[in-house]
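Numbering (the working numbering), first residue to last: 277 to 496. Notes to accompany the following structure.
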Ligand code: DX5
Ligand code: ZN
């Protein structure tokens, strides 16, 4: 199971250190939550902070764009050293050309949808993408509770991907921690976003990652 820590709940006063700790702890991807205060109530950060992150890690960095009109920013995230961009289908009325735009910029393509947006909204796009992200919380904040109905959505999406022989990653984002990570893996996820489960005051980053790997039964 690939782990993608979200820096949303990291200590921004020592962000570089937190990212290096996560990389040393053996995570796989850095997840960057971009929020514009329009598509979601919260505002986080943009390309500038992403550039600071990509300069401090050799890991793949993915930008989760919880913003209106995401296409206006693709070039900025590419310049910032982001490798994968994940867009919400709710913000992309012309999804085919949006995907083409990402391909032209040599960015990996991820698509995602809010917890109650029907999966059929992304079904036709599945053959065109590198990753599909299931939101298991309402986007906009870290530290929320996993929405239990997400497990069935993950399993249904797994079936949809397998049916077309897609190699796309199936990622889950929101409320994934030691209590939910096995259920999410067993439903068919290949990568999970872990925010507060990795960056929190209760444990060090190393301990938090170790707890997740132990829970998965993956510790060597
Ligand atoms: C929510 C973000 C998530 C969130 C994950 O809008 O997309 O990535 O930061 O944080 P946790 O893992 O704490 O739910
Ligand atoms: Zn996210």
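Beta carbons: idealized from backbone N, C-alpha and C, even for Gly.
Could you tell me the boundaries of the alpha helix (DSSP H) in which residue i lies?
i	result
residue 428	426–439
residue 298	291–300
residue 473	No alpha helix (DSSP H) contains residue 473, which DSSP labels as neither H nor E.
residue 460	457–463
If we ignore side chains and look at the alpha-carbon of each, how far apart do residue i and residue j end up?
i	j	result
residue 417	residue 370	27 Å
residue 422	residue 485	18 Å
residue 281	residue 413	16 Å
residue 298	residue 378	28 Å
residue 442	residue 361	18 Å
residue 325	residue 291	10 Å
residue 314	residue 348	15 Å
residue 396	residue 293	41 Å
Given a threshold of 16 other Cβ atoms within 10 Å of its Cβ, counted over all protein chains shown, does residue i qualify as buried or as exposed?
i	result
residue 462	exposed
residue 453	buried
residue 317	exposed
residue 337	buried
residue 480	exposed
With a cut-off of 8 Å on the beta carbons, I'd call residue i and residue j a contact; round off their distance for me.
i	j	result
residue 488	residue 473	6 Å
residue 335	residue 303	7 Å
residue 310	residue 343	6 Å
residue 497	residue 408	The structure shown does not extend to residue 497, since the chain is modelled only from 277 to 496, so the question has no answer here.
residue 356	residue 330	6 Å
residue 320	residue 419	About 14 Å; that fails the 8 Å criterion.
With respect to the beta strand (DSSP E) encompassing residue i, which residues constitute its N-terminal and C-terminal limits?
i	result
residue 323	Looking at the DSSP string, residue 323 is not in any beta strand (DSSP E); the run it does join, the alpha helix (DSSP H), is 323–331.
residue 384	384–389
residue 452	Residue 452 -> no beta strand (DSSP E), and no H or E assigned at all.
residue 494	Per DSSP, residue 494 belongs to no beta strand (DSSP E) and is neither H nor E.
residue 397	Segment 396–399 is the alpha helix (DSSP H) holding residue 397; no beta strand (DSSP E) there.
If you measure between the beta carbons of residue i and residue j, is that distance less than 9 Å?
i	j	result
residue 469	residue 444	no
residue 410	residue 449	yes
residue 402	residue 389	no
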